[in-house]
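Take the sequence shown: its letters are residues 1 to 323, numbered as in the numbering used here.
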Amino acid sequence: MFSSQEEREMEKALSPSPASEIGARVSSLFIYPIKSCRGISLSQAALTPTGFRWDRNWLIVNSKGRGLTQRVEPKLALIEVELPQHAFAEDLELEESSNIVVRAPGMDALKVSLAKPDKIADGVSVWEWSGSALDEGEEASQWFTNFLGKPCRLVRFDSDSETRPVDSNYAPGHIAMFSDMYPFLLISQGSLDSLNKLLQEPVPINRFRPNIFVDGCEPFAEDLWTEILIDKFTFHGVKLCSRCKVPTINQETGIGGEEPIETLRNLRSDRVLQPKRKPQGKIYFGQNMVWKDRFGDGTRKTIEIGDPIVVLRKLSSPAEAAT
Numbered sequence: 001m002f003s004s005q006e007e008r009e010m011e012k013a014l015s016p017s018p019a020s021e022i023g024a025r026v027s028s029l030f031i032y033p034i035k036s037c038r039g040i041s042l043s044q045a046a047l048t049p050t051g052f053r054w055d056r057n058w059l060i061v062n063s064k065g066r067g068l069t070q071r072v073e074p075k076l077a078l079i080e081v082e083l084p085q086h087a088f089a090e091d092l093e094l095e096e097s098s099n100i101v102v103r104a105p106g107m108d109a110l111k112v113s114l115a116k117p118d119k120i121a122d123g124v125s126v127w128e129w130s131g132s133a134l135d136e137g138e139e140a141s142q143w144f145t146n147f148l149g150k151p152c153r154l155v156r157f158d159s160d161s162e163t164r165p166v167d168s169n170y171a172p173g174h175i176a177m178f179s180d181m182y183p184f185l186l187i188s189q190g191s192l193d194s195l196n197k198l199l200q201e202p203v204p205i206n207r208f209r210p211n212i213f214v215d216g217c218e219p220f221a222e223d224l225w226t227e228i229l230i231d232k233f234t235f236h237g238v239k240l241c242s243r244c245k246v247p248t249i250n251q252e253t254g255i256g257g258e259e260p261i262e263t264l265r266n267l268r269s270d271r272v273l274q275p276k277r278k279p280q281g282k283i284y285f286g287q288n289m290v291w292k293d294r295f296g297d298g299t300r301k302t303i304e305i306g307d308p309i310v311v312l313r314k315l316s317s318p319a320e321a322a323t
């Protein structure tokens with residue numbers, strides 16, 4: 001539950017008048033179990049306080065414990081991750097043989113137990129956060145070291161002893177695991193279509209790595225959403241997603257280019273969207289979200305493809321959006 005102070009801070013980001021309209025439906029759901037590796041498409045996804053279950057639970061770190069991403073290691077796009085079917089069951093019960101399976105070109109498959117390891121890795125860092133994590137052992141370390149050609153380890157977020165708060169200026173009281181900043185990223189089909197009309201070579205949604213992909217709304221409508229219902233669950237749009245170079249990396253080949261960032265620079269920069277503010281050189285595509293009612297009574301908390309989206313509150317223009 002939010003404290004009264006947290007509620008007041010959240011209210012600042014919300015429109016003063018509810019919109020109460022159906023804006024879209026969920027068309028795809030994605031998780032990325034190992035940060036910056038390939039995603040998994042789901043028909044339904046279980047909600048947790050830190051995002052969808054299994055999303056960004058694992059992180060590859062270098063010899064200094066710093067998290068690796070496609071920004072500096074685009075080959076991570078080639079790593080596929082597979083979870084057993086029972087890992088997505090509503091009543092999750094892990095078995096002794098429960099593993100994730102990791103594959104990459106030229107590599108034998110790596111199996112990593114879903115049971116939490118005992119070994120601790122200290123000095124792990126990702127962006128502004130640093131702490132300890134769970135070390136997945138020597139076999140996993142050697143696999144990633146061989147594939148990337150440099151010393152690496154695979155670590156898992158230690159939710160029993162560590163907490164990673166998101167920026168309290170935007171979403172006080174919320175937490176994440178190894179996602180970039182916030183637990184959920186939402187993008188609409190309309191926004192992707194609008195961008196692709198301007199590109200010589202259209203790009204797929206996997207360039208932008210959303211968790212929730214929706215259809216049935218106007219292009220960039222999600223920029224304005226500050227409070228929505230997906231099924232019966234309330235989400236707050238807290239901050240437009242600032243894009244780095246990752247969308248320029250072909251997720252099938254691991255090779256980077258110039259687009260779609262160059263086109264987005266003319267379409268979606270802070271200079272264009274918020275001309276009255278001092279430009280910071282940011283480019284935005286997608287809406288970062290948090291799940292408001294993230295703690296509850298233990299009943300099923302799952303969203304699925306086809307779920308309706310009701311827009312409860314929204315802004316009047318992108319110029320008002322938090323960035």
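We put the CB at the ideal spot given by N, CA and C, even for glycine.
Between the C-alpha atoms of residue 192 and residue 219, what's the straight-line distance to the nearest angstrom? Residue 192 and residue 219 have their alpha carbons spaced roughly 8 Å apart.
The region 305-320 / the region 242-256 touching (three or more Cβ pairs under 8 Å): At 8 Å Cβ cutoff, the stretches do not touch.
Taking Cβ positions, are residue 125 and residue 65 nearer each other than 7 Å? A Cβ-Cβ contact shorter than 7 Å links residue 125 with residue 65.
Determine contact between the region 197-209 and the region 223-235, defined as no fewer than three beta-carbon pairs at a distance below 8 Å. Below 8 Å, too few C-beta pairs join the region 197-209 and the region 223-235 to call them touching: fewer than three.
Bridge partners - residue 45, DSSP secondary structure assignment: BP columns for residue 45 point to 303.
Distance between residue 264 and residue 190 (C-alpha atoms, nearest Å): Roughly 15 Å between the two C-alpha positions.
Based on the DSSP secondary-structure assignment, which residues constitute the bridge partners of residue 112? Looking at the DSSP assignment, residue 112 forms a beta bridge with 100.
Does the structure place the region 274-288 close enough to the region 89-109 that three or more beta carbon pairs sit under 8 Å? Output reads no: the region 274-288 does not touch the region 89-109.
Apart from the five residues just before and just after residue 35, which ones in its own chain have a Cβ nearer than 6 Å to its Cβ? Answer for residue 35: 56, 59 and 178, listed in chain order.
Rounded to a whole number of angstroms, what is the C-alpha to C-alpha distance between residue 88 and residue 54? Answer to the nearest angstrom: the Cα atoms are 9 Å apart.
Contacts around residue 320, its chain only, beta-carbon distance under 7 Å, and the 5 residues preceding and following it disregarded: Cβ within range, chain order: n/a, list empty.
Contiguous alpha helix (DSSP H) assignments of at least 4 residues, all confined to the region 110-196: For the region 110-196, the continuous alpha helix (DSSP H) assignments of 4+ residues that do not extend past its boundaries occur at 138-148 and 189-196, in sequence order.
Determine the DSSP secondary structure at residue 223, reduced to helix, strand or coil. Residue state, collapsed to three classes: helix.
Tell me, which residues are paired with residue 289 by DSSP? For residue 289, which the question treats as bridged, DSSP gives the partners 184 and 237.
Compare the beta carbon distance of residue 43 and residue 214 with 7 Å and say whether it is the shorter of the two. No, Cβ-Cβ distance for residue 43 and residue 214 is not below 7 Å.
Helix, strand or coil for residue 24 per DSSP? Residue 24: strand per DSSP, three-state reduction.
Please go through the same chain and pick out, in chain order, the residues whose beta-carbon is closer than 6 Å to the beta-carbon of residue 120, but skip the five residues on each side of it. Within the same chain, residue 120 has close Cβ partners 132.
Please determine, among 300, 314 and 167, the residue with the shortest C-alpha to C-alpha distance to residue 180. Comparing Cα positions, the closest option is 167.
In whole angstroms, what is the alpha-carbon distance linking residue 255 and residue 37? So the two alpha carbons sit approximately 14 Å from each other.
Identify, in the order they occur along the chain, each residue of the same chain with its Cβ nearer than 6 Å to the Cβ of residue 257, setting aside the five sequence neighbours on each side. The answer, listed in chain order, is 248.
Pull up the distance between the alpha-carbon of residue 212 and that of residue 139, whole angstroms please. Taken atom to atom, the span from the alpha-carbon of residue 212 to that of residue 139 is near 33 Å.
Take residue 281 as the anchor and find which of 323, 122 and 303 has the nearest alpha-carbon. Cα-wise, what sits closest to residue 281 is 323.
Bridge partners for residue 63 per DSSP, in chain order? Beta-bridge pairing links residue 63 to no other residue.
What are the partner residues of residue 51, as DSSP defines its beta bridges? 48.
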